[in-house]
Each structure stands twice: as C-alpha cells, then as structure tokens.
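Colleague: Below is one structure. I have some questions about it.
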Amino acid sequence: MENTTLILIMITNLLLVIFLGVFGFLIYRLMKNQKKESAENPSSTEGQPAYHPAILERLKEAQKIKSRSHLFCPNHPEEPGETTCGICDKLFCKSCSKPFKSLHFCREHLPLVMNNHWEEIMTVKTSTQDPEHGVRVYDVKKEIFEKEDLPTYVETHYKINIDQDHIETYLVVFAMMDQVETIRPRFEATSL
Numbered sequence: 583m584e585n586t587t588l589i590l591i592m593i594t595n596l597l598l599v600i601f602l603g604v605f606g607f608l609i610y611r612l613m614k615n616q617k618k619e620s621a622e623n624p625s626s627t628e629g630q631p632a633y634h635p636a637i638l639e640r641l642k643e644a645q646k647i648k649s650r651s652h653l654f655c656p657n658h659p660e661e662p663g664e665t666t667c668g669i670c671d672k673l674f675c676k677s678c679s680k681p682f683k684s685l686h687f688c689r690e691h692l693p694l695v696m697n698n699h700w701e702e703i704m705t706v707k708t709s710t711q712d713p714e715h716g717v718r719v720y721d722v723k724k725e726i727f728e729k730e731d732l733p734t735y736v737e738t739h740y741k742i743n744i745d746q747d748h749i750e751t752y753l754v755v756f757a758m759m760d761q762v763e764t765i766r767p768r769f770e771a772t773s774l
C-alpha cells in the first residue's frame, strides 16, 4: 500500500512538472509572437494592442489628408472644414461660418452679404443629363471672385414638376446691386 501511494505521488509530481513545462513553453511562445508583432508594427506602444494592417493604412491616409491644409479651417488648422463660404468657397469649421438664408458664410463675408442689397442676375436650369452646365456656373463665380474680387453667391432652388413627375433644379446667381452691370456680362459671355 505504501508503495502504491509513493508511486501515485511520483506520477502526480511528474505530470505536474510536465504540465508546468508545457504551460511555460506556451507563455514563452505567446510573448515571442507579441514582440514580433510589435516589431513589425512600430505604431503600437507598450501596453497597447497592435493595430490591424487595414487600420494602419487608414491612419496613413488620414495623415496625408491632414497635410492638405485646404481641407481644414484656415483660422483653426486642427479643425476640419465643414461648410463652404458662399462667397469665397473656402472650407471653414463650424465656429468660423454662420448660416444666412440657405447658405453659410465666413466671418469676413457674412457682413458683406447682410449689409448690401443683392440682386438676381441669372437663373440656370440644371439637369442630370448635363451636369457640366451647373459646374460652369460655379467655375465662372470662382474665377470672377479670384481674378477681379467681385463677390457673387449661388442659391439652389428646387421645383416639383407634377406633370412630368420629377424635380427641377435651378441655380440662381446673385450679385451686389451696384455690381450687376459689371458681373452679368461675364456670366453671359460663357454661354450659360
């Protein structure tokens, strides 16, 4: 009986040593794999998990986008541009642009819009068959502002055509009343 108990104790100890050895080996392999992954992924730091390669790719793309300053507010370079000024077409963050009528304007151009009388100079019907027609309106607007510092803005109006069962889109160009005669010929000259 004593021999049987002694044999059982020795077998139990041997199994315990084998179990601890296998458990220690598994922990060693796990730690070795984690070190290998963190060496391949330099963005992961101690105590943080390694990022999936797709996430790393998106982070790289975000850094590229961040370097494009025209996508961020000119007054707050860390804030992304969310709205475009109706006059200068620059992107501004929420705190730097204010809504007026159906558009947003930057702090510089909001007083210009509010303190002057604006007149409609032309209306252009756009369609899905000819989207370039509408794009030309915005191109002329931008060119006039950049080259001659003449402000205009464009409102989009929608009309429901019940007879033909579709929505019509119109771009309405506005200019300050004292500049209408200067600006109108520039739009007309582009065959809009």
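Residues in the sequence shown are numbered from 583 upward in steps of one, following this note's numbering. In this text, a Cβ means the ideal position worked out from N, Cα and C, and glycines have one as well. Because the structure is a prediction, the values reported are computed rather than measured.
Check whether the region 691–698 touches the region 655–665, taking contact to mean three or more Cβ pairs, one atom from each stretch, closer than 8 angstroms.
Modeller: No, they do not touch.
Colleague: For THR627, does the count of other Cβ atoms within 10 angstroms reach 16, so buried, or fall short, so exposed?
Modeller: Model confidence at THR627 stands at a pLDDT of 48, short of 50, so the residue's coordinates are unreliable; what they give is reported in the following sentence. Flag for THR627 reads exposed.
Colleague: Please report the straight-line C-alpha distance between LEU597 and LEU612, rounded to a whole angstrom.
Modeller: Cα to Cα, the separation comes out at about 22 angstroms.
Colleague: Look at THR705 and TYR740 and say whether their C-beta atoms are less than 8 angstroms apart.
Modeller: For THR705 and TYR740, no; Cβs fall outside 8 angstroms.
Colleague: Counting only the same chain and skipping the five closest in sequence on each side, list residues whose C-beta sits under 7 angstroms from that of THR772.
Modeller: Cβ within range, chain order: ARG718 and VAL722.
Colleague: Just the C-alpha distance for GLU639 and PHE674, rounded to the nearest angstrom, thanks.
Modeller: So the alpha carbons of these two residues sit roughly 27 angstroms apart.
Colleague: Going by beta carbon distance, what residues of the same chain come within less than 6 angstroms of GLU750, once the five residues before and after it are set aside?
Modeller: LYS741 and ASN743, listed in sequence order.
Colleague: Helix, strand or coil for ASN595 per DSSP?
Modeller: Three-state DSSP puts ASN595 in a helix.
Colleague: If we ignore side chains and look at the alpha-carbon of each, how far apart do TYR720 and LYS617 end up?
Modeller: Going from the Cα of TYR720 to the Cα of LYS617 covers about 55 angstroms.
Colleague: Sorted by chain position, which residues of the same chain lie with C-beta nearer than 7 angstroms to ASP671's C-beta, five sequence neighbours on each side aside?
Modeller: Excluding sequence neighbours, ASP671 sits near LYS724.
Colleague: Expressed to the nearest angstrom, what Euclidean distance is found between the alpha-carbon atoms of LYS683 and ALA636?
Modeller: Going by the C-alpha atoms only, they are around 42 angstroms apart.
Colleague: Could you check which residue in TYR633, ILE600, LEU588 and PRO656 has the C-alpha nearest to that of GLU690?
Modeller: Nearest of TYR633, ILE600, LEU588 and PRO656 to GLU690, Cα basis: PRO656.
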